[in-house]
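Enquirer: Structure in structure tokens, see below.
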Amino acid sequence: MNSILAKARRAALSQTPRICRVQLEGLVVLKIIRHCTENYPTPVTGQLLGMDNDQVLEITSCYAFPQDDDDNSERESSQSKYQMDMMRCVREVNIDHQVVGWYQSTANQLGSFLTGPWLETQFAYQDNLINAVCLVYDPQKTSDCTLGIRAYRLRESFLELFGKGDLSSLSLQRHEIDSRSMIEELPVTIHNSSLAKVLLEYLARQPYRTPGLPTNFLKEDSFMVEEQEEYETMAFVNRLRITDSSNYESALQYLSYDLDELAKDQNKYTLFLRNFSRAKALQADALRRKRLENLAKGEEKVPEQEILAQLLSNEPPRLESKLLIHEIEEYSKTLEQIIAGNIIKQFANGSVEVQSPRILFDNP
Amino acid sequence: MSSYLYLRGEKTRSFAVDVHPVVLLNMADHYMRRTEHQPHRVIGTLLGRVNVDGTVEITESFPVPHSETMDEVAVDIEYHKTMYELSRRVSTDEVIGWYATGDGGEPDENSVLIHEFYCREVASGIVPVHLLLSMAPNNSGNGDPSAKKTTSVYRKSSTDFVRAYISCGLRIGDQVLNTEFQPVQVGVISGIPEAVGYEALLDTCRHVERSDLRCVSSELDNLKSSLEQLLRLLEKVESYTQQVLQGTRKGDISVGRYISDTLSMIPQLDSTSIEKLFGDQLRDVLMILYLDKLIWANAKLAEKFLMVAAGES
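Each protein sequence line maps, in turn, to chains A and B.
Residue numbering for the first sequence follows the UniProt record's numbering, starting at 1 and increasing by one per position.
Residue numbering for the second sequence follows the UniProt record's numbering, starting at 1 and increasing by one per position.
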């Protein structure tokens, strides 16, 4: 009975159109940033609300999950009570109350998020809601003055395999899944209501204070205000800061740690391969014998794939190494970006510094 | 012959309110989702904290359903309590006041009633703040960014757009005669990540073609625009100083001081040592890049090899 229900549900799910784009309300961006910044560097999660409209997933609201550190069972019940209360409250004030996914801030500074638990959570979401996405917020990138929000979901073929728990190298290969293609990124567009646009424009005309950045308003009679209607935004100043070497150091440390883990995993795997090739020789004999028997009985041939699968059944888990490789790639990509930016900044800096300050002061 | 009696309010010291942009956007969102029974006014609770220097910082808000007629106001207290408890689980912010959207008018009699309720809700020692976002049509000129306006009109209408009040009782001796809403200064404040997010939002709503998040979150593009902005600002300062030197403009001492402070921050090093530092740094960075590429290639190869080994067998 249950399986029929599950099948019916799956059929219904497969008929809902898959989304190919995420439309994010500006309010949600600020809310996520606010929540994640308050708790930085602890990674936080929260729920996304909205609706899927044909091929566009509209995310219109969100709320934060509490970070409890009680014991497990208690936490789960209080979490679900929190969510239920929140959903009730949200519905009462006409906010969209359909769950469309979750958001998460990354823990370490290089913006990697793909872990075993992440896959499990995202799988749980997508198993129920075919169009669920995860917004990943990168606090480090944002502090460097580039908004780091991305939307991810599990790829369909991987979702299926993950659901079956079948992650041997054989099936991964058959579905052509490698470290890059487990998840896919969805394009995100930002949407603001007209009223929100008015507010944003209004804010651009307000003196805007950000601790840690130079102030964007001087005295009324100074030259800043006279010439323009709006204030300069000052967040760009942080973008021009040169990353110091400790950042590289820790990035390289992360990388070498991952490489160590990968090497360990590879050692295990080569051990398995040695045993595997030994067993394969024995198995080939058995296979030949079986074929002869089958031939005598007039039965069909034993499919070779099946035997291979049987042999591979005690294969060490492959997911771990895939995640590691994905992480290494992600790290190296981020590092590359940081370095590219830094080289530019350095040249810009160099062009200022080679001139003697005297020249700047001397008036022609 | 008439004579005036001047009464003093309880709180007359200067009082400043700082709002995070997210609160204002939340209010706008709530206003968009109002029901048909709420023609203009929606209300909600403001959460935040009082800083050491006495300024009030409003960091969060949530909507509260209410209904009102000419002479009666009903606020869903139960809802307010539940939401507050829920929000306490994710942050430590306290109730700091309440917001309302209005049709451009001043706080009215019903505001006083709601304010009284919030006076009871806030922790002791906190003066509740009332934030009023005016949605009046006569301010709508503000909403058309393409319309060129003189600065003075902007100033006037923009000061009207978001207003904050504290209430103070007018009293003689111990007897409260009346309460009045006293306007206080509102500032916008945010941390660096929020400022970045806000700028990205502003960017996307000004340039429709850049509404794709990937456009605003490309690091190198942003770096380019930052450098351009820096150059523009430098040019502005240069033209200003030129004008002052030529005497066409009156110099401002504080601006001059800023400029000289900034210039004195450039370290005085001779060119050879700068070149050495520059070269060293560049070599280091390129070395890391090389190492990084090497690791990436190796990891990629490792993945492929392990796959092939399993596949061939």
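All C-beta atoms in this analysis are idealised placements derived from N, C-alpha and C, irrespective of residue type, glycine included.
Fair warning: this is a prediction, and the values are worked out from it, not measured in the lab.
Using a Cβ cut-off of 8 angstroms (strictly closer), state whether B:Gln246 contacts chain A.
Expert: no
Enquirer: Cβ of residue 314 of chain B less than 8 angstroms from any chain A Cβ?
Expert: With chain B running from 1 to 313 in the structure shown, residue 314 of chain B is simply not present.
Enquirer: Taking C-beta to C-beta, are A:Cys145 and A:Gly101 nearer than 8 angstroms?
Expert: no
Enquirer: Checking the sheet assignment: what are the DSSP bridge partners for B:Val184?
Expert: B:Ala164
Enquirer: Using a beta-carbon distance below 8 angstroms, is B:Ile295 in contact with chain A?
Expert: Yes - at least one Cβ of chain A is within 8 angstroms of the one on B:Ile295.
Enquirer: Per DSSP, which residues does B:Ala16 bridge with? Please list them.
Expert: B:Gln185
Enquirer: What does B:Met83 reach in chain A if we use C-beta pairs closer than 8 angstroms?
Expert: Cys89
Enquirer: Output yes if chain A places a C-beta closer than 8 angstroms to the C-beta of B:Phe161; else output no.
Expert: Chain A places a beta carbon closer than 8 angstroms to that of B:Phe161, counting this residue as a contact.
Enquirer: Can you tell me whether DSSP reads A:Arg88 as helix, strand or coil?
Expert: helix
Enquirer: Over what stretch of residues does the beta strand (DSSP E) that includes A:Glu176 continue unbroken?
Expert: Per DSSP, A:Glu176 lies in no beta strand (DSSP E) segment and is marked neither H nor E.
Enquirer: Answer yes or no: does any C-beta atom of chain B fall closer than 8 angstroms to that of A:Ile344?
Expert: yes
Enquirer: Evaluate contact between the segment 209–225 of chain B and the segment 174–192 of chain A, counting only Cβ atoms and requiring at least three cross-stretch pairs below 8 angstroms.
Expert: yes
Enquirer: Mind pulling the alpha helix (DSSP H) runs of 4 or more residues that sit fully within the UniProt domain "MPN" (17–154) of chain B?
Expert: Contiguous alpha helix (DSSP H) elements confined to the UniProt domain "MPN" (17–154) of chain B occur at 21–32, 77–88 and 109–121, taking only those with 4 or more residues.
Enquirer: Please compile the residues from chain B whose C-beta is within a distance smaller than 8 angstroms of the C-beta of A:Cys145.
Expert: Ile192, Val196, Asn222 and Ser226
Enquirer: Mind checking if A:Lys268 is an interface residue toward chain B, Cβ cutoff 8 angstroms exclusive?
Expert: no
Enquirer: Please list, in chain order, the chain A residues whose beta carbon lies closer than 7 angstroms to that of B:Tyr31.
Expert: Leu195
Enquirer: By how many angstroms is the C-alpha of B:Leu306 removed from the C-alpha of A:Ile325?
Expert: Going from the Cα of A:Ile325 to the Cα of B:Leu306 covers about 12 angstroms.
Enquirer: Could you pull out every residue in the same chain whose Cβ sits closer than 6 angstroms to the Cβ of A:Pro139, ignoring the five residues on either side in sequence?
Expert: So the qualifying residues of the chain are Cys36, Tyr40 and Ser105.
Enquirer: Any Cβ of chain A within less than 8 angstroms of the Cβ of B:Thr272?
Expert: no
Enquirer: What does A:Gln332 reach in chain B if we use C-beta pairs closer than 9 angstroms?
Expert: The amino acid at residue 332 of chain A is misidentified as Gln; the sequence shows Ser. Those are Asp292, Lys293, Ile295, Trp296 and Ala299, listed as they occur along chain B.
Enquirer: What whole-angstrom Cβ distance do A:Glu185 and A:Arg150 have, given they're in contact under 8 angstroms?
Expert: 6 angstroms
Enquirer: Would you please verify whether the beta carbon of A:Tyr103 is less than 8 angstroms from any beta carbon of chain B?
Expert: no
Enquirer: Does chain A have any CB closer than 8 angstroms to the CB of B:Asp53?
Expert: no
Enquirer: Hey, is A:Val56's beta-carbon within less than 8 angstroms of any beta-carbon in chain B?
Expert: no
Enquirer: Go ahead and pull the three-state DSSP assignment for B:His207.
Expert: coil
Enquirer: Should B:Cys168 be flagged as near chain A, meaning a C-beta pair shorter than 8 angstroms?
Expert: no
Enquirer: Check whether the segment 25–45 of chain B touches the segment 61–74 of chain B, taking contact to mean three or more Cβ pairs, one atom from each stretch, closer than 8 angstroms.
Expert: yes
Enquirer: Report buried or exposed for A:Cys20, applying the criterion of at least 16 other Cβ atoms within 10 angstroms of its Cβ.
Expert: exposed
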